[in-house]
Amino acid sequence: MAQPPRPPLPPFTLESATRKVKAAEDAWNSCDPAIVAKAYSPDSKWRNRDEFFEGRDAIQSFLTKKWQKELQYKLMKELWCYQGNRISVRFEYEYHDHDGQWWRAHGNEHWEFNEEGYMVRRDMSANDYKIVEADRRYR
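Counting along the sequence shown from 1, when you hit position 85 you're at 88 in my numbering, and nothing is skipped either side.
Structure below.
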């Protein structure tokens, strides 16, 4: 069954790429794996740090586990560059673990979209470091 288009569609402009990034930020900040997974094609391929997987079911499973460990998660995404059907972003997010330790992650993602506006590839790299709650940037 064909899926309805998910605008904005490629090729991206500055304005449409910025809207795509903001939509992704909003979805991830919901911490709802089902909402986030809707942005990806059914066969989307992911690299998240040292994990490689594909498909919406795997994405939802990954995100469910992620947000069971990363509590009070808050994310900021910023458009870095775009061309054709590709967008790159830099991001920061903060969370605390079950022991109450706060963390900040810095990283980048490279996205590739199909003609219908679904992400078919996500390649992510990030580094985490400990912070104290008073140093949080995102609430």
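Where a beta carbon is used, it is the ideal one built from N, C-alpha and C, also for glycine.
Rounded to whole angstroms, the separation of the alpha carbons of cysteine 84 and serine 91 is 5 Å.
When C-alpha distances from proline 14 are compared across Trp114, Lys69, Tyr141, Val39, the shortest belongs to Trp114. Sequence-distant Cβ neighbours of serine 33 in its own chain, meaning closer than 8 Å and more than five residues away, are Val39. Taken in chain order, the complete alpha helix (DSSP H) segments of 4 or more residues contained in the segment 52 to 104 are 59 to 72. Minimum Cα-Cα distance from asparagine 111 among the listed residues Asp102, Ala129, Lys68 corresponds to Ala129. The segment 121 to 128 and the segment 68 to 76 do not touch, with fewer than 3 CB-CB distances between them shorter than 8 Å. In the three-state reduction of the DSSP assignment, asparagine 32 falls in the helix class. Only buried fits alanine 20, as 16 or more other CB atoms lie within 10 angstroms of its CB. When DSSP states are grouped into helix, strand and coil, arginine 140 belongs to the coil group.
The DSSP-derived three-state label of glutamate 118 is coil. If you draw a straight line from the Cα of valine 135 to the Cα of tryptophan 105, it comes to about 6 Å.
A direct Cα-to-Cα measurement between tyrosine 96 and tyrosine 43 gives close to 21 Å.
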